[in-house]
Each structure stands twice: as structure tokens, then as C-alpha cells.
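Student: Here it is: the structure, laid out below.
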Amino acid sequence: AQTVTQSQPEMSVQEAETVTLSCTYDTSENNYYLFWYKQPPSRQMILVIRQEAYKQQNATENRFSVNFQKAAKSFSLKISDSQLGDTAMYFCAFMKLSGNTPLVFGKGTRLSVIA
Amino acid sequence: SQTIHQWPATLVQPVGSPLSLECTVEGTSNPNLYWYRQAAGRGLQLLFYSVGIGQISSEVPQNLSASRPQDRQFILSSKKLLLSDSGFYLCAWRRGQGDEAFFGQGTRLTVV
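Protein chains in written order, with the numbering used here: chain A, 1427 to 1541; chain B, 268 to 379.
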């Protein structure tokens, strides 16, 4: 079974600074997807970024980028120029490519952006 | 475009009462559907998922059940709620392999 570990329950960052959230996973699969979701105080789950395991290039979405290290099974999220609206829970998730298996989530990291 | 509706948004129920949470998806057909629970300070725990009408997979044996009476409808139920059923319940859907999941706005259930 796949597991996803987020070792940082809480983090804080000053506005305009950069922060990196960690995520590691365990799988025997070779083809899979990884995701970062954001859950602001409204509790709506929002997709931030996704990474296909077969792609070596790290995914980027505006201020959000990932550092995907397949051999190390590591998938960290970097938020640049942090904004107050980035304050949220961030969940890392894993999904096998084959079949219709569900996403497996980590326990989340609560990020606070401080003015 | 596709949308997902989940209701009610909040619910307070006494111990021992029944439960029915509903989730519907619009704008797509044959979606994969999921029920997750988020307990306070915890991550998302998968409860049930369905790849088709009448097909339900249970991840965690507990006091809850799920049904999919129609292609785009997914219902989470309980005959008798326990205090430990309190939490935030999220419905989600995705098209199929490789697609991300899209979430409803969630239901905050408090069992008193």
C-alpha cells in the first residue's frame, strides 16, 4: 500500500518570503501522479500543482513549484513571494496511474503567512 | 463545465440518529466518486469509493455505509451515529486514470 508522509505539522513564513513544504511517499509503483492541494479556512480543497512521475522536469504554477526527486521518493512544494492568502492547510497526495484507485493523502501541513 | 454539489454544509445530530449526506456531480458521466473524512487536526481518510453505479469499495470498516443509486449521485449514510462520527466530510470526483480529484465544499458533522 502507498503511504504519504508530511513531517511538518505546522510552518510559518513572513509575507514575501519563500517557504518549502516537505512530502515523502512510499510506493513500489513506477508510474504515478503526485499532487499538492490547498485547504484555506473555507475548507474548500483546491488543487495547487501536479506532477507526473515519468516527467523529469519539475512542475511550476506561478509562485508554486515542486522539487520532485523520484529516487528519493520526495516531493516538496516551494511557495515563493508568500502572500497572506497562502495561509492554509497543504496536503500532499499520491495516485497510482493504473486503475481507478483513489488519491492517498498525507496528514497535511498548516502554513501561516505572517504580515 | 463540471460541478460538484455536496449538502448540507453543516449538520448537528444526536447520538443514535440516522445520517444521510448527499453528493452529486454535474457535467460529466461515469465519474469515480469518493467520500473522505477529515477529523480535527488530521489528514483525509478515505472512507468509500465508487467506480460505477452500485459499485462501492469500503476502505475502513465502521459505522458508515455508502450507496450510488445513480451515475452521478453518491450518498453517505449511517443508521445510528456515534460521537466518533463527528468530523468534516468531503465528497470528491475524478474522471479516471491520471486525473486530479475535484472536491465538494464539505459537510461539517457534529454528533452531540
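Note that CB positions come from ideal geometry on N, CA and C, so glycine has one too.
Under 8 Å between the Cβ atoms of residue 1437 of chain A and residue 1513 of chain A?
Tutor: No, the pair does not count as a contact, with Cβ atoms beyond the cut-off.
Student: Check each residue of the stretch 296-311 of chain B: if its Cβ is closer than 9 Å to any Cβ of chain A, include it; give the result in chain order.
Tutor: Residues 299, 301, 303, 305, 308, 309, 310, 311.
Student: Would you say residue 1486 of chain A and residue 1451 of chain A are within 8 Å of each other, going by their C-beta atoms?
Tutor: Going by C-beta atoms, residue 1486 of chain A is not nearer than 8 Å to residue 1451 of chain A.
Student: Would residue 316 of chain B count as contacting chain A if we go by Cβ distances under 8 Å?
Tutor: True, the Cβ-Cβ gap to chain A drops below 8 Å.
Student: Compute every distance between the C-beta of residue 332 of chain B and the non-hydrogen atoms of the ligand NAP, then say whether any falls below 7 Å.
Tutor: No copy of the ligand NAP occurs in the structure displayed, which carries no ligand at all.
Student: Between which residues of its own chain and residue 368 of chain B is the CB-CB distance below 8 Å, once the five residues before and five after are set aside?
Tutor: These residues qualify, in order along the chain: 301, 359, 360, 361.
Student: Between the beta-carbon of residue 339 of chain B and the beta-carbon of residue 291 of chain B, is there less than 8 Å?
Tutor: The answer is yes: Cβ separation under 8 Å.
Student: Less than 8 Å between the CB atoms is what I'm expecting for residue 1463 of chain A and residue 1521 of chain A, so what's the real figure, rounded?
Tutor: That pair is no contact at about 12 Å.
Student: With a threshold of 7 Å on Cβ separation, who are the neighbours of residue 296 of chain B within its own chain once the five nearest residues in sequence on each side are excluded?
Tutor: So the list reads 338, once near-sequence residues are dropped.
Student: Roughly how many angstroms separate the alpha carbons of residue 1478 of chain A and residue 1461 of chain A, rounded to a whole number?
Tutor: Computed Cα separation, rounded: 9 Å.
Student: Is the CB of residue 293 of chain B under 8 Å away from at least one CB in chain A?
Tutor: No, its Cβ sits nowhere closer than 8 Å to a Cβ of chain A.
Student: With a threshold of 8 Å between beta carbons, is residue 1504 of chain A in contact with chain B?
Tutor: With 8 Å as the cut-off, residue 1504 of chain A does not count as an interface residue toward chain B.
Student: In chain order, what residues of the same chain have a beta carbon less than 8 Å from the beta carbon of residue 333 of chain B, not counting five sequence neighbours either side?
Tutor: For residue 333 of chain B, where only same-chain residues beyond five positions count, the Cβ hits under 8 Å are 302, 314, 315, 317, 323, 325, 341, 342, 343, 344.
Student: Between which two residues does the beta strand (DSSP E) harbouring residue 1424 of chain A extend?
Tutor: Outside the shown range of chain A (1427 to 1541) lies residue 1424 of chain A, about which nothing can therefore be said.
Student: Determine the chain A residues that contact residue 289 of chain B at a beta-carbon separation under 8 Å, and present them in chain order.
Tutor: What residue 289 of chain B touches in chain A: nothing, since even the nearest Cβ is about 18 Å away.
Student: Can you pull out the residues from the stretch 356-368 of chain B whose beta carbon lies closer than 7 Å to at least one beta carbon of chain A?
Tutor: Listed by position along the chain: 357, 363, 364, 365, 367, 368.
Student: Excluding the five sequence neighbours on either side, which residues of its own chain have a C-beta within less than 8 Å of the C-beta of residue 1529 of chain A, listed in chain order?
Tutor: Excluding residues within five positions, the ones whose Cβ falls inside 8 Å are 1461, 1519, 1520, 1521.
Student: Distance, Cα to Cα, residue 293 of chain B vs residue 270 of chain B?
Tutor: Answer to the nearest angstrom: the Cα atoms are 5 Å apart.
Student: Considering just the uninterrupted stretch of the beta strand (DSSP E) at residue 1441 of chain A, what are its terminal residues?
Tutor: Note, residue 1441 of chain A: premise wrong, no beta strand (DSSP E); not H, not E.
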